[in-house]
Amino acid sequence: MHALITGASRGIGRGIAEHLASQGWHLLISGRNLESLEEARQALLSLGAAQVLTVPAEMASDQDLQAILDAQSAWSSRLDALILSAGVGTAGTVAEYPSHRYDKTFAVDVRAPFKLIQGTLPALRAAAAARPEIGAKVIALASIAGVHAEPGLAAYGAAKAALISLIAGLNAEESASGVSGTALSPGYVDTEMSAWTRQTIPQQSMIPVSDLVEIVAALLRMSPRTVLSNIVLNRAGEHGGRA
Ligand SMILES: NC(=O)c1ccc[n+]([C@@H]2O[C@H](COP(=O)([O-])OP(=O)(O)OC[C@H]3O[C@@H](n4cnc5c(N)ncnc54)[C@H](OP(=O)(O)O)[C@@H]3O)[C@@H](O)[C@H]2O)c1
411 MHALITGASR GIGRGIAEHL ASQGWHLLIS GRNLESLEEA RQALLSLGAA QVLTVPAEMA
471 SDQDLQAILD AQSAWSSRLD ALILSAGVGT AGTVAEYPSH RYDKTFAVDV RAPFKLIQGT
531 LPALRAAAAA RPEIGAKVIA LASIAGVHAE PGLAAYGAAK AALISLIAGL NAEESASGVS
591 GTALSPGYVD TEMSAWTRQT IPQQSMIPVS DLVEIVAALL RMSPRTVLSN IVLNRAGEHG
651 GRA
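Start counting the sequence shown at 411; every next residue gets the next number (the numbering used here).
Below, the structure is given as structure tokens:
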């Protein structure tokens, strides 16, 4: 089985990559930092991955996205799973959020997933045809901020809401033929990305990466007859509806 995973060098993408490695999958992983990618490659091989290719890429660069797509098509004619974990998000109010940060957020969190889904669809369709009992799966890391509005997260939330909608649109067009998508929309997950908020939100109250990995593992085992377009993961407690 073949999976392409963006943002695989750390955090949620890394957790998913480690699970797939332990199941003996062939992996194509991406991130910006070469050293982190190489470290991840070695670790994934030692966990049992059949093969690990790396493509360093900035998600906001069309050239880099094309490099991922070229590597994927040269690597395998089928893609069983496309995991879109690379994402950016910074806090800031609508009143003051700078345009360049808004543009970067939408480029990385919406445009890159769109381009990667579009470019890998032939390989996803081929995998779905080869394994009709499972189909091919697209899993995209959105956020609870894309579901519930929260002060200071409007730009990030808008980008993640667009990503959730993109996945729903993919399902409307492709799921009857076996290619289906799921957006995962968690509150704060205990990774480097949420480290800035640990002073106000205790680390031990954040969602563990392992819980997201459990969901991904189940999605990758499920039949294509069930479509879970968006899964919202709340943190426990009275403020769980917030990020
Ligand atoms: N952590 C949370 O609280 C939380 C909550 C809800 C949703 N999410 C979403 O979950 C996803 C993964 O988050 P995480 O917590 O795992 O983050 P993380 O620990 O910061 O890891 C991010 C990964 O993406 C790569 N990456 C970051 N920016 C990139 C860019 N511009 N181009 C290419 N690769 C990039 C990073 O590698 P390099 O730095 O080497 O590029 C790294 O591998 C994101 O989409 C995020 O929005 C996170």
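Note that CB positions come from ideal geometry on N, CA and C, so glycine has one too.
Through-space distance from GLU583 to LEU437, alpha-carbon basis: Indexing the sequence shown from 1 puts residue 437 at position 27. Indexing the sequence shown from 1 puts residue 583 at position 173. Roughly 26 Å between the two C-alpha positions.
Check whether LEU492 and LEU534 have beta carbons under 8 Å apart: Position 82 of the sequence shown, counted from the first residue, corresponds to residue 492. Position 124 of the sequence shown, counted from the first residue, corresponds to residue 534. Yes. Within cutoff.
With 16 other Cβ atoms within 10 Å as the buried cut-off, status of THR610: Counting from one through the sequence shown, the residue named residue 610 turns up at place 200. THR610 comes out exposed.
Cα-Cα separation, ALA450 to ILE527: Position 40 of the sequence shown, counted from the start, is the residue given in the question as residue 450. Position 117 of the sequence shown, counted from the start, is the residue given in the question as residue 527. Looking at the two C-alpha atoms, the distance is approximately 23 Å.
Contact under 8 Å by Cβ, GLY434 with LEU479: For the purposes of this step, residue 434 is identified with residue 24 of the sequence shown, where counting begins at 1. For the purposes of this step, residue 479 is identified with residue 69 of the sequence shown, where counting begins at 1. Not in contact: GLY434 and LEU479 (Cβ atoms no closer than 8 Å).
Distance CB(VAL626)-CB(ILE426) smaller than 8 Å: What you label residue 626 is simply residue 216 of the sequence shown in a count that begins at 1. What you label residue 426 is simply residue 16 of the sequence shown in a count that begins at 1. Yes, they are a contact pair.
Alpha helix (DSSP H) segment containing GLY529, residue limits: Taking the first residue of the sequence shown as 1, we reach residue 529 at position 119. Under the DSSP assignment, GLY529 falls in the alpha helix (DSSP H) whose first and last residues are 522 to 540.
Nearest candidate by alpha-carbon position, reference GLY591, set VAL498, LEU551, ARG652, GLN476: In the sequence shown, residue 591 corresponds to position 181, counting from 1. Nearest of VAL498, LEU551, ARG652, GLN476 to GLY591, Cα basis: LEU551.
Whether ALA539 touches SER487 by CB criterion (8 Å): Position 129 of the sequence shown, counting from 1, holds the residue named residue 539. Position 77 of the sequence shown, counting from 1, holds the residue named residue 487. At the C-beta level, ALA539 and SER487 stay beyond 8 Å of one another.
Distance between beta carbons of ALA477 and ALA467, contact taken as under 8 Å: The sequence position of residue 467 within the sequence shown is 57, counting from 1. The sequence position of residue 477 within the sequence shown is 67, counting from 1. Confirmed, Cβ separation roughly 6 Å.
Distance between beta carbons of ILE617 and LEU643, contact taken as under 8 Å: Locating residue 643 in the sequence shown gives position 233, counting from the first residue. Locating residue 617 in the sequence shown gives position 207, counting from the first residue. At roughly 6 Å, the Cβ-Cβ gap stays under 8 Å, so LEU643 and ILE617 are in contact.
Secondary structure of HIS558, DSSP reduced to three states: Taking the sequence shown and counting its residues from 1, one reaches residue 558 at position 148. Here DSSP, grouped into helix, strand and coil, assigns HIS558 to coil.
Proximity winner among ARG635, ILE577, ALA559, relative to GLY650 (alpha-carbon distances): For the purposes of this step, residue 650 is identified with residue 240 of the sequence shown, where counting begins at 1. Selected option, being the one with the closest Cα: ALA559.
Buried versus exposed, by CB contacts within 10 Å (16 or more), ASP513: Numbered from its first residue, the sequence shown carries residue 513 at position 103. By the neighbour-count rule (16 or more Cβ atoms within 10 Å), ASP513 is not buried but exposed.
From ILE554, PRO523, HIS510, ALA460, residue whose alpha carbon lies closest to that of LEU430: As a working note, residue 430 is residue 20 in the sequence shown. Ranking ILE554, PRO523, HIS510, ALA460 by Cα distance to LEU430 puts ALA460 first.
Alpha-carbon to alpha-carbon, LEU622 and GLY417: Taking the first residue of the sequence shown as 1, we reach residue 417 at position 7. Taking the first residue of the sequence shown as 1, we reach residue 622 at position 212. The alpha-carbon atoms of GLY417 and LEU622 are separated by roughly 14 Å.
Cβ distance (whole Å) where GLY545 is taken to contact GLY579 below 8 Å: Position 135 of the sequence shown, counted from the start, is the residue given in the question as residue 545. Position 169 of the sequence shown, counted from the start, is the residue given in the question as residue 579. Contact doesn't hold; Cβ gap of about 17 Å is too wide.
Cβ neighbours of GLY497 in the same chain (closer than 7 Å, five flanking residues each side left out): Taking the sequence shown and counting its residues from 1, the one referred to as residue 497 is at position 87. The beta carbon of GLY497 lies closer than 7 Å to those of GLY417, VAL518, ASP519, LEU551 in the same chain, with the five residues before and after it left out.
Sheet register partners of ALA546 (DSSP bridge): Reading the sequence shown from its first residue, position 136 is the one you call residue 546. ALA546 is bridged by DSSP to VAL589.
GLY499 beta carbon less than 8 Å from that of TYR598: Locating residue 598 in the sequence shown gives position 188, counting from the first residue. Locating residue 499 in the sequence shown gives position 89, counting from the first residue. For TYR598 and GLY499, no; Cβs fall outside 8 Å.
Rounded C-alpha distance that separates LEU454 from VAL465: Taking the sequence shown and counting its residues from 1, the one referred to as residue 454 is at position 44. Taking the sequence shown and counting its residues from 1, the one referred to as residue 465 is at position 55. If you take the alpha carbons of LEU454 and VAL465, they lie about 15 Å apart.
Within 8 Å, strictly: CB atoms of LEU629 and LEU638: The count along the sequence shown starts at 1 and reaches residue 629 at position 219. The count along the sequence shown starts at 1 and reaches residue 638 at position 228. One thing to note: LEU629 has its Cβ within 8 Å of the Cβ of LEU638.
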